[in-house]
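Read in my numbering, the sequence shown has 154 at position 153, and its numbers run on one by one without any break. Let me begin by presenting the structure, written as structure tokens, before commenting on it.
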Amino acid sequence: MTANAAGAANAADAANSAKTDSAAALLPELGADYRDAVYAALADLPSEEIADALEEVETNLVEVVSELTAEGREIGIATLRARLGTPREYAAEFRAAAGYPPAVGRSTDWHVTPDQLAVVALFVSAAFALVCGIAVTADAASWIWGFSALVTVVFAALPGSWLRTQTPSLDAVPPSRLSFRAPRDAVAAGPGRLGRPDRLGRPSGELRSDLVDIARLWWVFVAVGLGVAVHKAGGSPVAGTVVAMVALLPCVRLGRRVTRTLGRDRRLLWLAVPLTAFTIGLGIGTVLDEVRGRTHYYEDLGAHHVPGRPGSGPVSLESPDTPWTGTGTGTGTGTGTGTGTGTGTATATAAARTGA
2 MTANAAGAAN
12 AADAANSAKT
22 DSAAALLPEL
32 GADYRDAVYA
42 ALADLPSEEI
52 ADALEEVETN
62 LVEVVSELTA
72 EGREIGIATL
82 RARLGTPREY
92 AAEFRAAAGY
102 PPAVGRSTDW
112 HVTPDQLAVV
122 ALFVSAAFAL
132 VCGIAVTADA
142 ASWIWGFSAL
152 VTVVFAALPG
162 SWLRTQTPSL
172 DAVPPSRLSF
182 RAPRDAVAAG
192 PGRLGRPDRL
202 GRPSGELRSD
212 LVDIARLWWV
222 FVAVGLGVAV
232 HKAGGSPVAG
242 TVVAMVALLP
252 CVRLGRRVTR
262 TLGRDRRLLW
272 LAVPLTAFTI
282 GLGIGTVLDE
292 VRGRTHYYED
302 LGAHHVPGRP
312 GSGPVSLESP
322 DTPWTGTGTG
332 TGTGTGTGTG
342 TGTGTATATA
352 AARTGA
């Protein structure tokens with residue numbers, strides 16, 4: 002009987018172990034990150050308690066993932082936290098249920114989320130694209146700045162493409178210590194789930210229509226700006242015109258998508274904002290270049306008398322071939338029968354020198 006009980010216990014342990022292994026295998030990447038965060042929050046507990054906590058959280062995560070999959074919803078950080086709470090809250094509940102005191106010291110759940118890094122990347126790429134737009138109008142190494150702007154726009158779009166795999170839910174996420182509330186609530190820069198559209202306000206119908214028309218016209222300027230950038234970077238005017246014509250339709254469609262989906266999905270901002278900043282930089286750089294081109298500088302070189310050319314008037318130093326005219330006097334002695342003096346124009350002084 003005892004042997005049977007021991008065998009049953011071993012079988013139960015094996016079943017639980019297999020269940021835990023299968024649960025861990027079924028966890029998506031976000032679920033594994035959640036589990037690791039819980040483990041970090043319970044790092045000061047005994048290893049047995051941590052193992053029990055991880056087994057419990059893995060089981061709960063698999064159940065949540067199964068429910069979301071059955072409902073046809075995508076799995077994201079917001080949905081996991083809505084069902085289970087934050088990793089810190091989950092760890093606190095486990096501590097309370099197991100009779101352990103709360104964690105002492107700095108919370109291990111504080112970290113920068115990918116969404117927050119994406120917001121930072123948006124602002125940094127926009128600032129750098131603005132600088133590239135200003136610098137590409139310069140004469141020196143303008144193609145380098147143009148290429149840098151292209152690389153910036155491409156890499157700025159990568160966070161947006163990553164966010165396309167996340168849940169486009171409009172549920173507000175509880176703010177963390179590093180939540181970027183200003184860009185989230187005011188500027189609305191971030192994935193759709195970081196802010197509710199009602200926080201942005203709704204303009205009147207007529208004003209909204211005017212803003213949409215202005216936005217469409219602006220994206221025409223963006224396409225033209227790309228052509229100007231190609232021309233400034235060393236390309237011919239024909240190449241710049243071709244680039245502007247090719248970029249016109251994609252830019253207009255991008256602006257239309259951004260305008261239509263801004264209240265629901267802001268992922269395209271990672272492409273639209275750097276392009277807009279680059280175009281603004283082109284405008285600023287063009288104005289500065291025009292102002293610099295209209296400013297002329299003069300330097301007084303003084304007067305100079307050309308050696309061998311008698312005269313009292315100053316000589317221009319602009320060109321050595323500039324015709325010289327003037328009047329003067331000359332005296333001279335000759336090998337002839339006498340001496341003489343002469344007065345006349347500069348071209349007649351040779352006769353005076355010979356004593357003719």
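Even glycine gets a Cβ: it sits at the ideal position worked out from N, Cα and C.
For Tyr91, the secondary structure class from DSSP, reduced to helix, strand or coil, is helix. Ile281 and Arg261 have their C-alpha atoms spaced approximately 23 Å apart. Assignment of Ser149 by DSSP, reduced to helix, strand and coil, places it in the helix class.
For the pair Arg96 and Val58, the Cα-to-Cα distance works out to about 13 Å. The shortest C-alpha to C-alpha distance from Trp219 to any of Val247, Cys252, Leu289 and Leu118 is the one to Cys252. Counted as a single uninterrupted DSSP element, the alpha helix (DSSP H) harbouring Ala71 occupies residues Ser48 to Ala71. Assignment of Gly77 by DSSP, reduced to helix, strand and coil, places it in the coil class. Annotation for Ala93: Pro103 place their beta carbon closer than 7 Å to its own, counting only its chain and skipping 5 residues before and after. Taking a C-beta distance under 8 Å as the contact criterion, Val231 and Val244 qualify as a contact pair. Within 10 angstroms of the beta-carbon of Thr70 lie fewer than 16 other beta-carbons, which makes it exposed. Around the Cβ of Ala248, a 10 Å sphere holds 16 or more other Cβ atoms; the residue is buried.
For the pair of segments examined, the segment 125–138 was found not to touch the segment 72–90: the number of CB pairs separated by less than 8 Å stays below three. Straight across, the Cα-Cα distance linking Val65 with Glu50 is about 23 Å.
By the Cβ-count criterion, Ser48 is exposed, with fewer than 16 other Cβ atoms from all chains shown falling within 10 Å of its own Cβ. Annotated as distal: Val239 and Leu283, with beta-carbon spacing of 8 Å or more. Going by beta carbons, Leu255 and Leu270 fall outside the 8 Å limit. Residue burial annotation: Leu289 is exposed, with fewer than 16 other C-beta atoms found within 10 angstroms of its C-beta.
When the five nearest sequence neighbours on each side are left out, the beta carbons in the same chain lying within less than 6 Å of the beta carbon of Ile285 are those of Ile135, in order along the chain. With respect to Pro275, Ser126 sits close: the two C-beta atoms are nearer than 8 Å.
Of the candidates Ala273, Val63, Glu56 and Pro88, Ala273 places its Cα closest to the Cα of Arg217.
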